[in-house]
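Undergrad: If you read the protein sequences in the order shown, they are chains A and B.
If you read the first sequence in the numbering used here, its first letter stands for residue 2, the second for the next number, and so on.
If you read the second sequence in the numbering used here, its first letter stands for residue 310, the second for the next number, and so on.
The beta carbon of each residue, even a glycine, is placed where N, CA and C say it ideally should be.
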Amino acid sequence: MMTDVRDAHGRPLVAVTGIGLVTSLGRGKADNWARLTAGQSGIHRITRFPVEGLRTSIAGTVDDLFSQPFAAPELSEKLAMLAADEAVGQAGLGSRGNFPGQLFMAVPPVELEWPQKQVLAGDGAEAVSYDTLLAAAAAHTHRAYHEMFLFGTVADRIADHFGTRGSPISLSTACSSGATAIQMGVEAIRRGETDAALCIGTDGSVHAEALIRFSLLSALSTHNDPPEEASKPFSKNRDGFVMGEGGAALVLESYASARARGAEILGFVLGCGEKGDGFHRTRSSPDGRPAIVAMQDALADAGLEPDHIDYVNAHGTSTPENDKMEAMSCTAVFGPRMTSLPISSNKSMVGHTLTAAGAVEAVFSLLTIAKGRIPPTINYREPDPNIPLDVVPNVARDALVRRVISNSFGFGGQNTCLVFGDAPV
Amino acid sequence: MTEAVVITGIGLLSSLGEGIAPHVEAARGARKAVIDRESFAPYPVHPLGTVELDRQIPKKSDQRQMEPWQRIGVYAAGLALDSAGIKGDAEAKDRLHVIVAAGGGERDHAVDGQILTGLKTAANPGVFLNERLLSDLRPTLFLAQLSNLLAGNISIVHGVTGPSRTFMGEEQAGIDAVRVAHARIAAGQAEMILVGGSYNAERRDMLLLFELGGALLKGAPIPTFSRKPGQDGMVTGSVGAFLVLESAKSATARGARVLARLDAVSADRVRRDDGAITRSLVKLFLGHHVEPAGLLVSAAPGLAGPAAEESAALAAVAAGRTPVAVGDLVGHAIEAAFPVAVALAAALLSEGEAASALVTGVGHHRGEGVASLSAA
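#1: Could you please give the first and the last residue of the uninterrupted alpha helix (DSSP H) stretch that includes Ser341 (chain A)?
#2: The ligand FMN and Gly247 (chain A): does the residue's C-beta get closer than 6 Å to at least one heavy atom of that ligand?
#3: Counting only Cβ pairs nearer than 8 Å, list the residues of chain A close to Arg474 (chain B).
#4: Per the DSSP calculation, Ile408 (chain B) is bridged to which residue(s)?
#5: In three-state DSSP terms, what is Ala72 (chain A)?
#6: Since Met691 (chain B) and Leu405 (chain B) are thought to touch, with beta carbons under 8 Å apart, how far apart are those beta carbons, to the nearest angstrom?
#7: Under 7 Å Cβ-Cβ, which residues of chain A neighbour Leu568 (chain B)?
#8: Please list, in chain order, all residues of the same chain as Ala486 (chain B) whose beta carbon is under 6 Å from its beta carbon, the five residues on each side excluded.
#9: The alpha helix (DSSP H) spanning Met185 (chain A) covers which residue range?
#10: How is Phe1 (chain A) classed by DSSP in three states: helix, strand or coil?
#11: Does the distance from the CB of Gln593 (chain B) to the CB of Val679 (chain B) come in under 7 Å?
#12: Cutting at 6 Å between CB atoms, please list the residues of its own chain near Val574 (chain B), excluding the five before and the five after it.
#13: Could you work out which residues of chain B lie near Pro169 (chain A), taking near to mean beta carbons separated by less than 7 Å?
#14: Counting only beta-carbon atoms, is Leu151 (chain A) nearer than 7 Å to chain B?
#15: Glu334 (chain B) to Arg340 (chain B), Cα distance in whole Å?
#16: Curious, which full-length alpha helix (DSSP H) runs of at least 4 residues does the segment 570 to 648 of chain B contain?
#17: Note the first and the last residue of the continuous alpha helix (DSSP H) segment covering Phe152 (chain A).
#18: Along chain A, in chain order, which residues have C-beta atoms closer than 7 Å to that of Pro448 (chain B)?
#19: With DSSP as the reference, identify every bridge partner of Ser270 (chain B), one or two as the case may be.
#20: What does the alpha-carbon distance come out to for the pair Leu401 (chain A) and Asp391 (chain A)?
#21: Distance cutoff 7 Å, beta carbons only. Does Asp417 (chain B) sit that close to anything in chain A?
#22: For His45 (chain A), name the three-state secondary structure that DSSP assigns.
#23: Given a limit of 8 Å on CB to CB distance, which residues of the segment 264 to 297 of chain A reach chain B?
#24: Can the beta-carbon of Ala654 (chain B) be found less than 7 Å from the beta-carbon of Ala666 (chain B)?
#25: With respect to the alpha helix (DSSP H) encompassing Asn33 (chain A), which residues constitute its N-terminal and C-terminal limits?
#26: What residues in its chain sit with their C-beta under 6 Å from that of Gln372 (chain B), if we drop five residues either side in the sequence?
#27: Are the Cβ atoms of Lys396 (chain B) and Leu388 (chain B) separated by less than 7 Å?
#28: Hey, Gly676 (chain B) and Arg570 (chain B): beta-carbon distance below 7 Å or not?
#29: Apart from the five residues just before and just after Gly412 (chain B), which ones in its own chain have a Cβ nearer than 6 Å to its Cβ?
#30: Alpha carbon to alpha carbon, how far is Phe71 (chain A) from Thr154 (chain A)? Give it in angstroms, no decimals.
#31: The segment 243 to 259 of chain A: which residues have C-beta closer than 7 Å to a C-beta of chain B, in chain order?
#32: In chain B, which residues lie with their C-beta within 8 Å of the C-beta of Ala209 (chain A)?
#33: Quick one, which of B:Ser456, B:Arg563 and B:Phe551 has its alpha-carbon nearest Val651 (chain B)'s?
#34: Starting from Glu400 (chain B), find everything on chain A with Cβ-Cβ shorter than 7 Å and list it in chain order.
#35: Give the DSSP-derived three-state secondary structure of Met106 (chain A) in the structure shown.
#36: Whose C-beta lies closer than 6 Å to the C-beta of Gly95 (chain A) among residues of the same chain, with five residues either side of it excluded?
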């Protein structure tokens, strides 16, 4: 019986024994799943900061977690904490504050924000420069800002809270970060370095400057009214993504260890594929090769053929470029079958949760397998004749789904694809 | 399955110049550190000298789309590819994995100052901020700031298109980048990995972050391991440091020159109670074969407390010897601090300086790491 805890390549199989989720749709996987499969949107008008003068005034923010103003890393930490609490609680692995595994966290880049800089700028009437701020900082009366805006702090606090082992990894591969966190957990378990990994993607960075930066790149939908109809992946009238916030956590465990302790297995991470793209900082290679290779590598890593996949959990950002490229790449990988292979985008409802997206969509992919129900692509009213795919339009669909490929593509040529399944291959 | 891991490429760029030679000379005491005490007074920095960017980043359009920290990194990565002899090997670069330790940012300091000044008297500060950001932020600035865009630019400029991950988290990111790269090759998960990082010290926004935590030295620098509490702190330096790591099997198969062996890398993160750093390093040393006569190289940030704890740990394995403090040569380079220390150790081994080297890294706020190397 030694072989059945290993995959086709002889490596330890990686099981998922806990999942947790927070998005603009709600807290916890039950609430999220109910609303996601009801085709509801979490996108709404932004109230966190003034939106006067902005071309985009909507987002899938997660509100009501703080009673006073907060900085982005504080919200990212909170979202990660909530998601990880749910996942670790479900897994029942280790004991409180003593998680017997490593931590891999996708976290957004951080920097001092305007409120902190305004405090340092003081009340005087004189012109402000960085020398003004440095002079104020030299008093060392705002030490908390230093810790808050170090890149490693969010993961450090999660590591402390859950008692994970070793040096926690904080990582970014832009919009594929959440998938990379899972991939790195899989790799560590396959190396035999750890029996378990807590993999988290979190992003609570919707503030004025972040929104304006994406807006200046013309990446965001300006379809502000009604907000819930703005994110329309694969539609002919799609006009950009909608920023979202969220946190998602997965407890990965070697199948041998999960089985030995009688844990409930929620699914398996069967394969990971990754390919860089050196074409352009924000645009994909016109031939789609990197995305194609990433999907093919994920399938090969899982020991599967394209025909073994039942559903594609799309990156599906709702930008003109991504959705076209993704549809083309999927068609190249899955062939003529792609016209009838269901593909849908969770982002039509939760928006693009950026750093968290790959982990959020991994959780939805596992729920899709567990529940036998495919979440829809909502706001699909004007089909794009160049994307003749079954996008599971507007209404969830019951189906036997045993294996899912989840795509994540990011700025800087990042392409990461994960394959999930209900059973070992 | 455990593959031996070797270093076949070193790319170094700092205030000392580029390539192995000036860094080895400085470590041997034959070249003085370059320190600018005026431009960012009272904070001394090790500034990057004039660099002919075209030599590694031929297109001006690429240079324009990066901030200095990214240009430093892309340049050093190019030097490492040259050193490993794979710069012109498109097939090798298509498979080459990348792990980058990166920070981010670089604010437009003038714009920030103007906005902060205006916010003081703005009738509606939120609306004022929106208006000014919309008109004053450069659209491409965001991409120049994103942490993973150093890796992205390495792909674009050098045609390196294997899997790429970016680690964040100050010094700890640099330690983990080298550790994970080593582990992946040792386990057969990758054959060849370009790993490293870069830091631009000539930025008031970063000085601000570290001064908030009281982590910067003011005035004339004194050697890292001689700094006393109250007169201590980091002297940061502009540095790019990349290594090409590969399995010994792969290096042999392609006839590559092995500069040094990277025998083991380990990392830890402890709550910084008294003595915690010493205990952490001593525990990490157990995973390494430490030669009493080997070379000691430290990526110490320059804070007196942590330096004393690091010295105490080193005394347990190499009594009576002070390590080469990389920060005294090129400045402390945050994410790039550990990669540049490992690169320097490898360079010294390749020049016959010793038979083995032990590299220690202690983050200014968190993160501890150890690497051991031996001569090829």
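TA: With the structure as the only source:
#1: Taking the first sequence and counting its residues from 1, one reaches residue 341 (chain A) at position 340. Per DSSP, Ser341 (chain A) belongs to no alpha helix (DSSP H) and is neither H nor E.
#2: This structure simply doesn't include the ligand FMN, nor any ligand for that matter.
#3: Counting from 1 along the second sequence, the entry for residue 474 (chain B) is found at position 165. Leu172, Thr174, Thr181 and Met185, listed in chain order.
#4: Numbered from 1 along the second sequence, position 99 holds the residue referred to as residue 408 (chain B). Ile408 (chain B) pairs with B:Arg474 and B:Val504.
#5: Indexing the first sequence from 1 puts residue 72 (chain A) at position 71. DSSP places Ala72 (chain A) in coil when its eight states are reduced to three.
#6: Only positions 310 to 685 of chain B appear in this structure, which leaves residue 691 (chain B) out of reach.
#7: As a first step, residue 568 (chain B) is located in the second sequence; it is residue number 259 there, counting from the start. Within 7 Å Cβ-Cβ: nothing; Leu568 (chain B) doesn't reach chain A, min ~25 Å.
#8: The residue labelled residue 486 (chain B) in the question sits at position 177 within the second sequence. Excluding positions up to five away in sequence, the list reads Ile408, Ala410, Phe476 and Val504.
#9: The count along the first sequence starts at 1 and reaches residue 185 (chain A) at position 184. Ser178 to Arg191 is the extent of the alpha helix (DSSP H) around Met185 (chain A).
#10: With chain A covering 2 to 426 only, the question about residue 1 (chain A) has no answer from this structure.
#11: One-based indexing of the second sequence puts residue 593 (chain B) at position 284. One-based indexing of the second sequence puts residue 679 (chain B) at position 370. This sequence places Leu at residue 593 (chain B); Gln is not what is there. Less than 7 Å divides the Cβ of Leu593 (chain B) from the Cβ of Val679 (chain B).
#12: Position 265 of the second sequence, counting from 1, holds the residue named residue 574 (chain B). For Val574 (chain B), where only same-chain residues beyond five positions count, the Cβ hits under 6 Å are Val487, Arg488, His491 and Ala680.
#13: The count along the first sequence starts at 1 and reaches residue 169 (chain A) at position 168. Think of a sphere of 7 Å around the beta carbon of Pro169 (chain A): the chain B residues whose beta carbon falls inside it are Arg578, in chain order.
#14: Here residue 151 (chain A) corresponds to residue number 150 of the first sequence, with the count starting at 1. Cβ-Cβ to chain B under 7 Å: yes for Leu151 (chain A).
#15: Along the second sequence, one-based indexing puts residue 334 (chain B) at 25. Along the second sequence, one-based indexing puts residue 340 (chain B) at 31. When rounded, the distance between both Cα atoms is 6 Å.
#16: 585 to 594, 613 to 626 and 635 to 639
#17: Counting from 1 along the first sequence, the entry for residue 152 (chain A) is found at position 151. From DSSP, Phe152 (chain A) is part of no alpha helix (DSSP H); its letter is neither H nor E.
#18: Residue mapping note: residue 448 (chain B) aligns to position 139 of the second sequence, counting from 1. Near Pro448 (chain B) (Cβ distances below 7 Å), the residues of chain A are Leu217 and Leu218.
#19: This structure cannot settle anything about residue 270 (chain B), because the visible part of chain B is limited to 310 through 685.
#20: On the first sequence, residue 401 (chain A) is found 400 positions in, with the first residue counted as 1. On the first sequence, residue 391 (chain A) is found 390 positions in, with the first residue counted as 1. When rounded, the distance between both Cα atoms is 16 Å.
#21: Taking the second sequence and counting its residues from 1, the one referred to as residue 417 (chain B) is at position 108. Answer no: the Cβ-Cβ gap between Asp417 (chain B) and chain A never drops below 7 Å.
#22: Translated into positions along the first sequence, residue 45 (chain A) becomes position 44. DSSP places His45 (chain A) in strand when its eight states are reduced to three.
#23: Glu275, Lys276, Gly277, Asp278, Gly279, Phe280, His281, Arg282, Thr283 and Pro291
#24: Within the second sequence, the letter at position 345 stands for residue 654 (chain B). Within the second sequence, the letter at position 357 stands for residue 666 (chain B). Contact flag set, yes.
#25: Numbered from 1 along the first sequence, position 32 holds the residue referred to as residue 33 (chain A). Residues Lys30 to Thr38.
#26: Within the second sequence, numbered from 1, the residue matching residue 372 (chain B) stands at position 63. The answer, listed in chain order, is Leu362 and Ile366.
#27: Position 87 of the second sequence, counted from the first residue, corresponds to residue 396 (chain B). Position 79 of the second sequence, counted from the first residue, corresponds to residue 388 (chain B). No, they are not a contact pair.
#28: For the purposes of this step, residue 676 (chain B) is taken as residue 367 along the second sequence, with counting starting at 1. For the purposes of this step, residue 570 (chain B) is taken as residue 261 along the second sequence, with counting starting at 1. The answer is no: Cβ separation not under 7 Å.
#29: Counting from one through the second sequence, the residue named residue 412 (chain B) turns up at place 103. Only residues of its own chain outside the window of five on either side were considered, and among them Glu644 have a CB closer than 6 Å to the CB of Gly412 (chain B), listed in chain order.
#30: The count along the first sequence starts at 1 and reaches residue 154 (chain A) at position 153. The count along the first sequence starts at 1 and reaches residue 71 (chain A) at position 70. Each residue's alpha carbon lies about 15 Å from the other.
#31: none
#32: For the purposes of this step, residue 209 (chain A) is taken as the residue at position 208 of the first sequence. For Ala209 (chain A), the chain B residues whose C-beta falls within less than 8 Å of its own C-beta are Gly435, Leu438, Asn439 and Leu442, listed in chain order.
#33: Start at 1 with the first residue of the second sequence, and residue 651 (chain B) comes out as number 342. Comparing Cα positions, the closest option is B:Phe551.
#34: Translated into the one-based positions of the second sequence, residue 400 (chain B) becomes position 91. Per Cβ cutoff of 7 Å: no residues; Glu400 (chain B) is ~14 Å from chain A at best.
#35: Here residue 106 (chain A) refers to the residue found at position 105 when the first sequence is read from its first residue. In the structure shown, Met106 (chain A) sits in a strand (DSSP, three-state: E or B).
#36: Mapped onto the first sequence, residue 95 (chain A) falls at position 94. Correct list, in chain order: Pro101.
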